[in-house]
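2 protein chains.
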Amino acid sequence: MILELADIRIHPGRSSEFDAAIKRGVETVISKAKGFRGYKVNKGVENPDRYLLMILWDTLENHTVDFRESQAFQQWRAIVGSYFAGAPQVEHFTLLAKSTGPAAA
Amino acid sequence: MILELADIRIHPGRSSEFDAAIKRGVETVISKAKGFRGYKVNKGVENPDRYLLMILWDTLENHTVDFRESQAFQQWRAIVGSYFAGAPQVEHFTLLAKSTGPAAA
Numbered sequence: 015m016i017l018e019l020a021d022i023r024i025h026p027g028r029s030s031e032f033d034a035a036i037k038r039g040v041e042t043v044i045s046k047a048k049g050f051r052g053y054k055v056n057k058g059v060e061n062p063d064r065y066l067l068m069i070l071w072d073t074l075e076n077h078t079v080d081f082r083e084s085q086a087f088q089q090w091r092a093i094v095g096s097y098f099a100g101a102p103q104v105e106h107f108t109l110l111a112k113s114t115g116p117a118a119a
Numbered sequence: 015m016i017l018e019l020a021d022i023r024i025h026p027g028r029s030s031e032f033d034a035a036i037k038r039g040v041e042t043v044i045s046k047a048k049g050f051r052g053y054k055v056n057k058g059v060e061n062p063d064r065y066l067l068m069i070l071w072d073t074l075e076n077h078t079v080d081f082r083e084s085q086a087f088q089q090w091r092a093i094v095g096s097y098f099a100g101a102p103q104v105e106h107f108t109l110l111a112k113s114t115g116p117a118a119a
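Below, the structure is given as structure tokens:
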């Protein structure tokens, strides 16, 4: 599995609207994509206009090819794109180590 | 609960040594700290010198005060600090939304 981390900055003052939009976008669009395995959205404490969208995909290509080249990507951007203060910074990661148990990060 | 995200860049070519050092540092030092609830370490695909250390704490102060002002912080930095190419970028986050099930990101 591959972790996609999208580091998102939105326009100030639109945080409560974006909270709803990002959830709707993931749940109605991204979660239906091929290879989607799960997600988390985290919101900044020091900077409430910063969000971390973490998505697990079966393979890197499920995100970079299958999703990004699909109509679904356009649908996702139509829901959330107007809130973005700039292009999200997106990279991919593999899991190196984790703690066990239900509270694992 | 609070998520600490430490975005770490290390000196090129030291990745396999650092893989072991970061695990040892978390497991022998940070995991003993007050308020520690779990962790993950992720390693970059596009950039193998980039690591994401994600730690869950009961409260923000468990990290920013209790841990950072403790001897344990010095012990942690003694294990991993020499690998860092610069100061890690650290911010804190709250969970806004997540998928359910065992594959959740």
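Going down the list, the protein sequences come from chains A and B. For this note's numbering, count along the first sequence from 1 and bump the result up by 14. For this note's numbering, count along the second sequence from 1 and bump the result up by 14. Cβ coordinates follow ideal geometry from the N, Cα and C atoms, glycine included.
Listed by chain order, chain B residues near residue i by CB distance under 7 Å
| i | result |
| --- | --- |
| aspartate 33 of chain A | Leu110 |
| asparagine 56 of chain A | Leu17, Phe107, Thr108, Leu109, Leu110 |
Helix, strand or coil at residue i according to DSSP, with G and I counted as helix
| i | result |
| --- | --- |
| asparagine 76 of chain A | helix |
| glycine 95 of chain A | helix |
| alanine 47 of chain B | coil |
| alanine 20 of chain A | strand |
| alanine 101 of chain A | coil |
Contact list for residue i against chain B, beta-carbon separation under 9 Å
| i | result |
| --- | --- |
| glycine 100 of chain A | Those within 9 Å of glycine 100 of chain A in chain B number zero; the least Cβ separation is about 17 Å. |
| serine 45 of chain A | Ser113 |
Chain C within 7 Å of residue i, Cβ atoms only
| i | result |
| --- | --- |
| phenylalanine 107 of chain A | The structure shown contains no chain C; its protein chains are A and B. |
Residue burial classification, residue i (beta-carbon count within 10 angstroms, cutoff 16)
| i | result |
| --- | --- |
| glycine 58 of chain B | buried |
| valine 79 of chain B | exposed |
| asparagine 56 of chain A | buried |
| asparagine 61 of chain B | exposed |
| glutamate 18 of chain B | buried |
| lysine 46 of chain A | exposed |
| glycine 39 of chain B | buried |
| glycine 52 of chain A | buried |
Start-to-end residues for the alpha helix (DSSP H) that takes in residue i
| i | result |
| --- | --- |
| threonine 42 of chain A | 29 to 42 |
Limits of the beta strand (DSSP E) - the one that residue i falls within
| i | result |
| --- | --- |
| phenylalanine 81 of chain A | That residue, phenylalanine 81 of chain A, is in no beta strand (DSSP E); it is neither H nor E in DSSP. |
| histidine 25 of chain B | No beta strand (DSSP E) contains histidine 25 of chain B, which DSSP labels as neither H nor E. |
| methionine 68 of chain A | 64 to 71 |
Interface residues of chain B facing residue i [CB-CB closer than 8 Å]
| i | result |
| --- | --- |
| isoleucine 16 of chain A | Val59 |
Residue i: contacting residues in chain A (beta-carbon distance under 7 Å)
| i | result |
| --- | --- |
| lysine 37 of chain B | Ala111 |
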